[in-house]
Amino acid sequence: MIVTDVVCPFCGCLCDDLVIEVDNNEIKTVRNACRLGASKFLKHKKNRKKKPIIKENGEKKEVDFDYAIDKAVKLLKNSTRCLLYGFSSTSNEAIEYGVKIAELLRGYIDNTSTVCHGPSVVSYQTVGYPSCTLGDVKNRADLIIYWGCNPLNAHPRHLSRYTLYPRGLFTERGFLDRKLIVIDVRETDTAKIATKFLRIEPNKDYELVSAMRSILNGLDIQQDTIAGIKRDEIYEIVDMMKSCRYGVLFFGMGLTQTYGRDRTIDNAISLVIDLNRYTKFSIMMMRGHYNVTGSNQVFAWLSGFPYAVDFTRGYPRYNPGETSAVDVLSNKEVDSALIIAADPVSNFPKEAIRHLLSIPYINVDPFYNLSSKYAKIYIPTKIVGVEVEGTAYRMDNIPIRLRKVIENEDLPSDEEVLKEIYERLIEDEIVIKERYSI
Amino acid sequence: MVLCMKLYDVYIDEEKCIGCGNCIVCCPEIDLEEIESGYLTKMELKNGIIAIKKKFCTGCGNCLKFCPRNAITIR
Numbered sequence: 208m209i210v211t212d213v214v215c216p217f218c219g220c221l222c223d224d225l226v227i228e229v230d231n232n233e234i235k236t237v238r239n240a241c242r243l244g245a246s247k248f249l250k251h252k253k254n255r256k257k258k259p260i261i262k263e264n265g266e267k268k269e270v271d272f273d274y275a276i277d278k279a280v281k282l283l284k285n286s287t288r289c290l291l292y293g294f295s296s297t298s299n300e301a302i303e304y305g306v307k308i309a310e311l312l313r314g315y316i317d318n319t320s321t322v323c324h325g326p327s328v329v330s331y332q333t334v335g336y337p338s339c340t341l342g343d344v345k346n347r348a349d350l351i352i353y354w355g356c357n358p359l360n361a362h363p364r365h366l367s368r369y370t371l372y373p374r375g376l377f378t379e380r381g382f383l384d385r386k387l388i389v390i391d392v393r394e395t396d397t398a399k400i401a402t403k404f405l406r407i408e409p410n411k412d413y414e415l416v417s418a419m420r421s422i423l424n425g426l427d428i429q430q431d432t433i434a435g436i437k438r439d440e441i442y443e444i445v446d447m448m449k450s451c452r453y454g455v456l457f458f459g460m461g462l463t464q465t466y467g468r469d470r471t472i473d474n475a476i477s478l479v480i481d482l483n484r485y486t487k488f489s490i491m492m493m494r495g496h497y498n499v500t501g502s503n504q505v506f507a508w509l510s511g512f513p514y515a516v517d518f519t520r521g522y523p524r525y526n527p528g529e530t531s532a533v534d535v536l537s538n539k540e541v542d543s544a545l546i547i548a549a550d551p552v553s554n555f556p557k558e559a560i561r562h563l564l565s566i567p568y569i570n571v572d573p574f575y576n577l578s579s580k581y582a583k584i585y586i587p588t589k590i591v592g593v594e595v596e597g598t599a600y601r602m603d604n605i606p607i608r609l610r611k612v613i614e615n616e617d618l619p620s621d622e623e624v625l626k627e628i629y630e631r632l633i634e635d636e637i638v639i640k641e642r643y644s645i
Numbered sequence: 042m043v044l045c046m047k048l049y050d051v052y053i054d055e056e057k058c059i060g061c062g063n064c065i066v067c068c069p070e071i072d073l074e075e076i077e078s079g080y081l082t083k084m085e086l087k088n089g090i091i092a093i094k095k096k097f098c099t100g101c102g103n104c105l106k107f108c109p110r111n112a113i114t115i116r
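Chains as they are written, first to last, in my numbering: chain P, 208 to 645; chain X, 42 to 116.
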């Protein structure tokens, strides 16, 4: 059987042109996917469990789903403050239940953008987000800038599908009609194919953006070099930006996580706003996990805030730096956690991991990862986009429906597990109301 | 007069190829309609690696220029 128009559930590109050959419920070949996407389909059986695992009296044992969910509900109900974290590699439908659980339990809820594009999200709340869709980029953009990101390694088909190479409505000659500028601290694979590569000194991004804005606003630069880049080169780049028909600035962790963080992004967005006085220019974040944009969107629909939401007072509050997952764990403010489709143990700061490992937590994930290993309750689920359908948001905030490719009767989906937990908590709502004296 | 064009062999180093598809979209021998339909007849992305389906290369060298991993050899 050939399944067409499959959407790849790996990175924020959400390539929707995959063709997959399935024989007897086994994936045989994956066409049109990059190596990262193809491996998610071809190696979907790796690191999987068929039964939930519970740690009791220091021993791990396999249990059935009903028992594991029951134990999870008891754990959440008996905790004073819980943290819900993850959500970037699951469907919007599951995220919705996550927010409902956090609200019911009066806990904290956060997604992986807290250790990723969190500062960018704060920035676009401050100065706005003059963005576009990837379709606009394909059809109109003649100047592409990648700042602090390396799409050829992290989003391999980004250039061939959306930015540099595709032949669009007003860019009929593909790469011949476009210019590519890469600004990075090292010569990455993307930098090797760039029209112009600027090697910037680490943590000097704010200075370079400010210098560009100064030139745009009619001021002269006095220094010979700024952020390790010669004055003439900065003037040349600004001229390229001003003279293009439509430019797009894509930025990644290299810009977001340098000194200044959200202030650097404020400045970069302001640069794009300044450039719009001369030409048409847009800015876009390079989102990593395939539905991290979706988790921001769903959180914002339901609570008004895109990440780091605090329901402890009964209404949503938002203060990154105080209510984000890393902070509440480092400050030992939670006594239980529900981790969905994420692996914080492998990438959180040491203080946060130390507290996470000291409290009982539940891990709901299709793959058995490092966080699953130390979880009190691990519940395996279906892979969204491979074994179950779902909706996800592409990096340009476009919702795309993921398709099911193969059947998996053994496991429930993330959505089903969270729905079950939510409904069992609702049954015990009286207990929760008594606890909070509502 | 019959114009004969020499066709070259394209080799892909499977260890180096990351399946970005840059070589397919910058190749002048592959039609836009083919790329947009997702059904390619000359070269394709199969299991995350570029696969050559038939001999078609005129040796323009675009793919060499834009391959980020230097995974392509033309002989």
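Every residue, glycine too, gets a C-beta built ideally from N, C-alpha and C.
With residue i as the anchor, note down where its beta strand (DSSP E) starts and where it stops.
i	result
K278 (chain P)	Element bounds for K278 (chain P): not the beta strand (DSSP E) but the alpha helix (DSSP H), 272-284.
I351 (chain P)	350-354
N111 (chain X)	Unbroken run through N111 (chain X): none, as it is neither H nor E.
E266 (chain P)	266-269
S330 (chain P)	First-last for S330 (chain P): 325-334, but that is the alpha helix (DSSP H), not the beta strand (DSSP E).
R368 (chain P)	From DSSP, R368 (chain P) is part of no beta strand (DSSP E) but of the alpha helix (DSSP H) over 365-368.
Starting from residue i, trace the alpha helix (DSSP H) both ways and give me its first and last residue.
i	result
R631 (chain P)	621-634
P513 (chain P)	No alpha helix (DSSP H) contains P513 (chain P), which DSSP labels as neither H nor E.
D316 (chain P)	The residue asked about is misnamed: residue 316 (chain P) is Ile in this sequence, not Asp. Counting along the chain, I316 (chain P) falls outside any alpha helix (DSSP H), though it belongs to the beta strand (DSSP E) covering 315-318.
I726 (chain P)	With chain P covering only 208 through 645, there is no way to say anything about residue 726 (chain P).
I471 (chain P)	A small fix is needed here, since residue 471 (chain P) is Thr in this sequence, not Ile. Where T471 (chain P) is concerned, the enclosing alpha helix (DSSP H) stretches over 469-482.
G342 (chain P)	341-347
L312 (chain P)	299-312
Residues of chain P with a CB under 7 Å from the CB of residue i: which are they?
i	result
C67 (chain X)	Y372, G381, F382
E85 (chain X)	R238
G79 (chain X)	D224, V226, N239
L73 (chain X)	R374
Just the chain P side, please: which residues come within less than 9 Å of residue i by C-beta, in chain order?
i	result
I59 (chain X)	C241, R242, L243, L359, N360, P363, D396
I90 (chain X)	R242, A245
G62 (chain X)	N239, C241, P363, R364, L366, S367, R368, Y372
Whose C-beta lies closer than 8 Å to the C-beta of residue i among residues of the same chain, with five residues either side of it excluded?
i	result
T486 (chain P)	M448, K449, S450, C451, R452, Y453, G454
G62 (chain X)	L86, I91
V229 (chain P)	M208, I209, V210, K235, V612, I613
I607 (chain P)	V214, L221, D223, T598, A599, Y600, R601
L632 (chain P)	V280, L283, K284, I308, L311, L312, I639
C271 (chain P)	For clarity, residue 271 (chain P) is Asp in the given sequence; the question names Cys instead. K258, P259, listed in sequence order.
I422 (chain P)	I428, I441, Y442, V445
Closer than 6 Å by C-beta to residue i: which residues in its own chain qualify, once you throw out the five before and the five after it? Chain order, please.
i	result
M493 (chain P)	C356, F457, G459
R470 (chain P)	none
I586 (chain P)	P259, A275, V571, V624
L509 (chain P)	V306
Y369 (chain P)	L341, V344, K345
R238 (chain P)	V226
When you compare the CB positions of residue i and residue j, do they come within less than 8 Å of one another, or not?
i	j	result
V593 (chain P)	P216 (chain P)	yes
I613 (chain P)	I234 (chain P)	yes
R406 (chain P)	D391 (chain P)	yes
G495 (chain P)	C218 (chain P)	yes
I480 (chain P)	P337 (chain P)	yes
R385 (chain P)	T395 (chain P)	no
L383 (chain P)	M419 (chain P)	no
F97 (chain X)	E70 (chain X)	yes
L359 (chain P)	L366 (chain P)	yes
V499 (chain P)	S320 (chain P)	yes
C289 (chain P)	V541 (chain P)	yes
So with CB distances below 8 Å, who are the chain P contacts of residue i?
i	result
R110 (chain X)	D396
For residue i, return the contacting residues in chain X, with the cut-off set at a CB-CB distance below 7 Å.
i	result
K399 (chain P)	P109
L160 (chain P)	With chain P running from 208 to 645 in the structure shown, residue 160 (chain P) is simply not present.
Enumerate in chain order the residues of its own chain whose CB-to-CB distance from residue i is below 7 Å, with the five nearest sequence positions on each side excluded.
i	result
A112 (chain X)	I53, D54, K57, C58
R364 (chain P)	C220, C222, C241
K83 (chain X)	E70, I71, K94, K95, F97
H204 (chain P)	Residue numbering for chain P in the displayed model covers 208 to 645; residue 204 (chain P) lies beyond these limits and cannot be assessed.
Mind checking whether the beta-carbon of residue i lies closer than 7 Å to any heavy atom of the ligand NAP?
i	result
N410 (chain P)	Among the ligands in the structure shown, none appear at all, so the ligand NAP cannot be discussed.
Checklist entry - Along the chain, which unbroken stretches of the alpha helix (DSSP H) at least 4 residues long are found entirely within the region 381-463 of chain P? => result 396-399, 412-423, 438-450, 460-463
Item to check | Start-end ranges of the beta strand (DSSP E) lying completely within the region 49-95 of chain X, minimum 3 residues | outcome: 51-53, 84-87, 90-93
Next on the checklist: What ranges does the alpha helix (DSSP H) occupy inside the region 522-594 of chain P, keeping only unbroken runs of at least 4 residues that lie completely in it?
Outcome noted: Here the runs fully enclosed are 532-537, 551-554, 557-565, 577-580.
Checklist entry - At what residue ranges does the region 228-253 of chain P contain a whole run of the beta strand (DSSP E), taking only runs of 3 or more? => result 233-238
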